[in-house]
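Note that our numbering numbers the sequence shown so that position 205 is 424, with each residue one more than the last.
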Amino acid sequence: MAITDVVAAIKEQLPHVVHSIEEFFTAASKSSALNDEVADKWKQKGNEDFTKGDADVAAIHYTKGMTFAKSDDVLAVLLNNRATVFYQQKRLREALMDSHAAIQLKADYWKARKRRAACLKELGFASLAEREENSSANEDMTAVVNETDEELLRALARPFSGPFTPPPSSIISQNMQIQRDAKGRFISATSRMEPQTLVLETPFAVAPRGEGLFTACSLCMHRTSALFPSAHYRSVNAKSRGLFCSTQCADAQWSLYGERESKHPFYLLCSVDTLLALRIVASSFRSGNVKRVESVVERHTAVLSSSTAGDPEAPEAAATAASLPFDPVMPKNSFGRAHVDLMVGAFSRELVPFAEVGGKETLISAVAMLAGSDVVADAQAAERLRKALRQVLLNAVHISCVDRVISTSESHSFVTVTVGKALYSVGSLFNHSCDPNCHLSFQGNPHASSARLCIRLIRPVMEGEELTVSYGNIEKTKVHSTRGRIRTLRANYGFACTCNECRNAVDECIRKEDEAHYVKAADYYQKGRRLVREGNFTDAVTVLLQSYEIVMKFICPPPRPPQMMLPKTHDALAQAYLLQGDQAKCVEHLKASLDLNIQLHGGEYVDLVREYTRFALLSHDSEYRDKALALLETYYAPSEFLEAEKLYLTNTFKSSSSAAAA
């Protein structure tokens, strides 16, 4: 049914719904305007948190206040208050940027000027700090604002991967090519390849997720707490959907999306999938740049070096112009709008009965059309929006990274943080496998993020072999049940997986007489984990050992192969013994867990980075440190953040080994 027919039916049969939608967006237009009173309330909350010692929460509240700040004076105070938090935490770079931004808004802001001088001094820029202090004493405001080293400040603020600008660009290996068969398109190797970076790509369209609005840049997705509102949005008295890490990103976002999105509150209120689909529809890139090169990393480094040095002859877009044909059927390598329009996007609960996602694309498109021409201009745009929503379901990927969380119940805990969602032209061509030979990540991973997609080959492949990734991390090392993987892929992506792993693997059925043992072992395991969280480590060890005994006696006694319950139980025991103070027992169970995971999944998968790291730091065995470093280099593209992660691991291992020897 056409969207225009749906809209006509709603207007005819449900006029009260149309009236409610109009009233809703009228009210939303008023609340989407900037408001200094709301900004001041967030400032007061931040002040209270800072007084109580909750510095991180205070910084978040100051940042939230910035999204509402209308006047320069109010925004300057919020920036200076956040700079105070960062300075106390010794996050000097962020404190310097905040204090400088406050001075740019309010030249006579003496507190900010003193804070900027202190930051410069501690960062080692003594001459700049001295000039700042002398100017403060003489109250020479204009000289301070204009003469402070702008180049230095820009260098400190620059995102590590550089802001990306249209059109979308891809640097890909020359040893891969698109092929076609009865099932459709796929990417294969044109020669034998060792592990390497295959693709570095900027998105066709990108949108921030709600949980990352105050912790990541809304365009480049660089994860940082030093975020700033866009001057463009403030000039039209409109709130933006997220903040930015630099003026470059704020300017790029305004030219790509902001000028249009600032005109209607629909863009502030819709879901991330809808926002991404709207941006796909509105993107005007007629073509994308695909450059086939011998070494992806070397080419990317050269491009960044040229653009960083200000070489006008070597911007990234020009350096990635199409060369050899990546797709023999499309020799022009048109991976912009033409390629996106060819994506089928025919997956939805509206079309596929067993789908558990989607099903609201028609309704969302109708509401967008009712919202007005600032959202959907005409019937053709409404149909494209419905198609784009289905493309998002099938082809978009979440931009994420891994974050360390220090807690009382575990020395190091790792959580996945999702900051955005994007659609990639070349990245969308890779098919799924539950045992993929490529790993999809984002430049800066594992512990930093960006919108630049990186696809790495993680094991050698032969000529003609298909190159695959796992969709949504649904692979054998993370979802252990073959039946569960097939069911999840059908529900979320609309296809039945026929990869070698799913065709050849068979789930071992639980015998009727063993069901009670599984239930009892799981109950003991969950109880043991709960006791660890509560700090009752002695009882936790006792209960977990009972779970381990049931598993070994009834569920997988030798010579039966181990099951996932076994390494999980060993891991829980290792944690309990560590917190109890028995490091020898902790290392013993951690080693058992590690060996069992390798036996179950093989010796090469990305989660082993964490396992090798934990074991290396606790056992002080350099062999496992080296294994962790090797896996980091295999799974993630070179970046300054990856080098920092490797340095952190090396130095932490050195410190823990020295402490143990002493």
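Glycine residues also receive a C-beta, built at the ideal position from the N, C-alpha and C atoms.
Next on the checklist: With a threshold of 8 angstroms, are at least 3 pairs of Cβ atoms found where one atom belongs to the stretch 432–443 and the other to the stretch 644–659?
Outcome noted: The stretch 432–443, when compared against the stretch 644–659, does not touch it at the 8 angstroms Cβ threshold.
Checklist entry - On the premise that K262 lies in contact with L297, defined as a C-beta separation below 8 angstroms, what is that separation, rounded to the nearest angstrom? => result One-based indexing of the sequence shown puts residue 297 at position 78. One-based indexing of the sequence shown puts residue 262 at position 43. With a Cβ gap of about 6 angstroms, L297 and K262 count as contacting.
Next on the checklist: Going by C-alpha to C-alpha distance, which of N870, P780, T282 sits closest to Q446?
Outcome noted: For this step, residue 446 is matched to residue 227 along the sequence shown. Correcting the residue identity first, residue 446 is Leu in this sequence and not Gln. In terms of CA proximity to L446, T282 leads the group N870, P780, T282.
Item to check | Beta-carbon gap between A585 and L495 smaller than 7 angstroms | outcome: Reading the sequence shown from its first residue, position 366 is the one you call residue 585. Reading the sequence shown from its first residue, position 276 is the one you call residue 495. No; because the gap between Cβ atoms is not below 7 angstroms, this pair is not in contact.
Checklist entry - Alpha carbon to alpha carbon, what distance is there between A331 and L347? => result Mapped onto the sequence shown, residue 347 falls at position 128. Mapped onto the sequence shown, residue 331 falls at position 112. Distance between the alpha carbons of L347 and A331 is about 15 angstroms.
Item to check | For L785 and L815, believed in contact at Cβ under 8 angstroms, the rounded distance | outcome: On the sequence shown, residue 815 is found 596 positions in, with the first residue counted as 1. On the sequence shown, residue 785 is found 566 positions in, with the first residue counted as 1. In this structure, L815 and L785 form a Cβ contact; the two beta carbons are roughly 6 angstroms apart against a cut-off of 8 angstroms.
Checklist entry - Assuming R844 contacts F872 under a Cβ cut-off of 8 angstroms, what Cβ separation, rounded to an integer in Å, is found between them? => result Working through the sequence shown from its first residue, we reach residue 844 at position 625. Working through the sequence shown from its first residue, we reach residue 872 at position 653. Beta-carbon to beta-carbon, R844 and F872 are separated by about 5 angstroms, close enough to satisfy the 8 angstroms threshold.
Item to check | Check whether E682 and S410 have beta carbons under 7 angstroms apart | outcome: Sequence index remark: in the sequence shown, residue 682 carries index 463 (1-based). Sequence index remark: in the sequence shown, residue 410 carries index 191 (1-based). Taking the C-beta atoms as reference points, S410 is found nearer than 7 angstroms to E682.
Checklist entry - Considering D400, what are the terminal residues of the beta strand (DSSP E) in which it resides? => result Working through the sequence shown from its first residue, we reach residue 400 at position 181. Here the beta strand (DSSP E) through D400 covers 395–400.
Item to check | Straight-line gap, I420 to E732 (C-alpha atoms, nearest Å) | outcome: Counting from 1 along the sequence shown, the entry for residue 420 is found at position 201. Counting from 1 along the sequence shown, the entry for residue 732 is found at position 513. The sequence given here has Glu at residue 420, not Ile. If I take the Cα positions, the gap works out to 53 angstroms.
Checklist entry - What do you reckon, are the CB atoms on R709 and A715 nearer than 7 angstroms? => result Within the sequence shown, residue 709 is the residue found at index 490, counting from 1. Within the sequence shown, residue 715 is the residue found at index 496, counting from 1. Yes, the Cβ-Cβ distance between R709 and A715 is below 7 angstroms.
Item to check | CA nearest to the CA of L613, picked from K309, Q802, S668, Y690 | outcome: Here residue 613 refers to the residue found at position 394 of the sequence shown. Cα-wise, what sits closest to L613 is Y690.
Checklist entry - How long is the line joining the alpha carbons of E480 and S251, rounded to whole angstroms? => result Here residue 480 refers to the residue found at position 261 of the sequence shown. Here residue 251 refers to the residue found at position 32 of the sequence shown. Rounded to the nearest angstrom, the two C-alpha atoms are 12 angstroms apart.
Checklist entry - So L289 packs on N456, CB below 8 angstroms; how close in whole Å? => result Taking the sequence shown and counting its residues from 1, the one referred to as residue 289 is at position 70. Taking the sequence shown and counting its residues from 1, the one referred to as residue 456 is at position 237. Note on identity: in this sequence residue 289 is Lys, with Leu being the wrong assignment. Contact annotation, K289 with N456: C-beta distance approximately 7 angstroms; criterion of less than 8 angstroms satisfied.
Item to check | Short Cβ contact (7 angstroms threshold) for C620 with N650 | outcome: For the purposes of this step, residue 620 is taken as the residue at position 401 of the sequence shown. For the purposes of this step, residue 650 is taken as the residue at position 431 of the sequence shown. Cβ distance not < 7 angstroms, so C620 and N650 don't count as in contact.
Item to check | Same chain, Cβ closer than 6 angstroms to G529, neighbours up to 5 away in sequence not counted | outcome: The residue labelled residue 529 in the question sits at position 310 within the sequence shown. Per-residue confidence for G529 stands at a pLDDT of 41, beneath the threshold of 50, marking its modelled position as unreliable; no derived number is given.
Item to check | Local Cβ density within 10 Å of W329, reported as buried at 16 or more and exposed below that | outcome: Counting from one through the sequence shown, the residue named residue 329 turns up at place 110. Burial check for W329: the Cβ neighbour count within 10 Å stays below 16, so the residue is exposed.
Next on the checklist: Which complete alpha helix (DSSP H) runs does the stretch 427–499 hold, if anything under 4 residues is left out?
Outcome noted: Listed in chain order, they are 450–454, 466–472, 485–488.
Checklist entry - Which two residues bound the contiguous beta strand (DSSP E) that contains A408? => result Locating residue 408 in the sequence shown gives position 189, where the first residue counts as 1. Membership of A408 in the beta strand (DSSP E) is indicated by the continuous run 403–408.
Next on the checklist: For the structure I just gave you, are there three or more beta carbon pairs, one from the stretch 695–713 and one from the stretch 746–762, closer than 8 angstroms?
Outcome noted: Inter-segment contact for the stretch 695–713 and the stretch 746–762 is absent: fewer than three beta-carbon pairs are separated by less than 8 angstroms.
Checklist entry - Hey, how far is the Cα of E430 from the Cα of D273? => result Start at 1 with the first residue of the sequence shown, and residue 430 comes out as number 211. Start at 1 with the first residue of the sequence shown, and residue 273 comes out as number 54. Approximately 20 angstroms, taken between the alpha carbons.
Next on the checklist: Taking DSSP's pairing of strands, which residues face R702 in a bridge?
Outcome noted: Sequence index remark: in the sequence shown, residue 702 carries index 483 (1-based). R702 is not bridged to any residue.
Checklist entry - Between V770 and A740, is the Cβ-Cβ spacing less than 7 angstroms? => result Taking the first residue of the sequence shown as 1, we reach residue 770 at position 551. Taking the first residue of the sequence shown as 1, we reach residue 740 at position 521. The answer is yes: Cβ separation under 7 angstroms.
Checklist entry - Does the Cβ of N365 have 16 or more other Cβ atoms within 10 Å, making it buried, or fewer, making it exposed? => result Stepping through the sequence shown from its first residue, residue 365 is reached at position 146. Residue placement at N365 is flagged as unreliable, the pLDDT there being 48, under the threshold of 50; the coordinate-derived value follows with that caveat. With fewer than 16 Cβ atoms within 10 Å of its Cβ, N365 is classed as exposed.
Item to check | Beta-carbon proximity list for T223, same chain, < 8 angstroms, skipping 5 on both sides | outcome: On the sequence shown, residue 223 is found 4 positions in, with the first residue counted as 1. Cβ neighbours of T223 beyond the five flanking positions: M588, A598, A601.
Next on the checklist: According to DSSP, is H736 part of a helix, a strand, or is it coil?
Outcome noted: Numbered from its first residue, the sequence shown carries residue 736 at position 517. Note: H736 maps to helix in three-state DSSP.
Next on the checklist: Buried or exposed for V638, going by 16 or more other Cβ atoms inside 10 Å?
Outcome noted: By one-based count along the sequence shown, residue 638 stands at place 419. V638 comes out buried.
Checklist entry - If you draw a straight line from the alpha carbon of L342 to that of K309, how long is it in whole angstroms? => result Residue numbering aside, residue 342 sits at position 123 when the sequence shown is read from its first letter. Residue numbering aside, residue 309 sits at position 90 when the sequence shown is read from its first letter. Taking the straight line joining both Cα atoms gives about 10 angstroms.
Item to check | Buried/exposed call for G403, threshold 16 Cβ in 10 Å | outcome: Looking up residue 403 in the sequence shown gives position 184. Exposed, by the Cβ-count rule.
Checklist entry - For C718, which residues of its own chain have a beta-carbon under 8 angstroms away from its beta-carbon, when the five flanking residues on both sides are left out? => result For the purposes of this step, residue 718 is taken as the residue at position 499 of the sequence shown. Excluding positions up to five away in sequence, the list reads H651, S652, C653, D654, T687.
Item to check | Beta-carbon spacing of R301, S318 below 7 angstroms | outcome: Taking the first residue of the sequence shown as position 1, residue 301 is located at position 82. Taking the first residue of the sequence shown as position 1, residue 318 is located at position 99. At least 7 angstroms separates the beta-carbon of R301 from that of S318.
Item to check | Where the alpha helix (DSSP H) containing C338 begins and where it ends | outcome: Counting from 1 along the sequence shown, the entry for residue 338 is found at position 119. Its alpha helix (DSSP H) spans residues 329–341.
Item to check | Spatially closest choice to Y744 from A426, Q794, Y712, by CA coordinates | outcome: Residue numbering aside, residue 744 sits at position 525 when the sequence shown is read from its first letter. The option with the nearest alpha carbon to Y744 is Q794.
Item to check | Local Cβ density within 10 Å of R350, reported as buried at 16 or more and exposed below that | outcome: Taking the first residue of the sequence shown as position 1, residue 350 is located at position 131. Per the 10 Å Cβ criterion, buried.
Item to check | Own chain residues within Cβ distance below 6 angstroms of E674, not counting five before or after | outcome: As a position in the sequence shown, residue 674 is number 455, starting the count at 1. Sequence check: residue 674 is Ile here, not Glu. Cβ within range, chain order: L417, V418, C657, L659.
Item to check | Nearest residue (CA-CA) to V512, options Q396, L792, F633 | outcome: Translated into positions along the sequence shown, residue 512 becomes position 293. When the alpha-carbon of V512 is set against those of Q396, L792, F633, the nearest one is in Q396.
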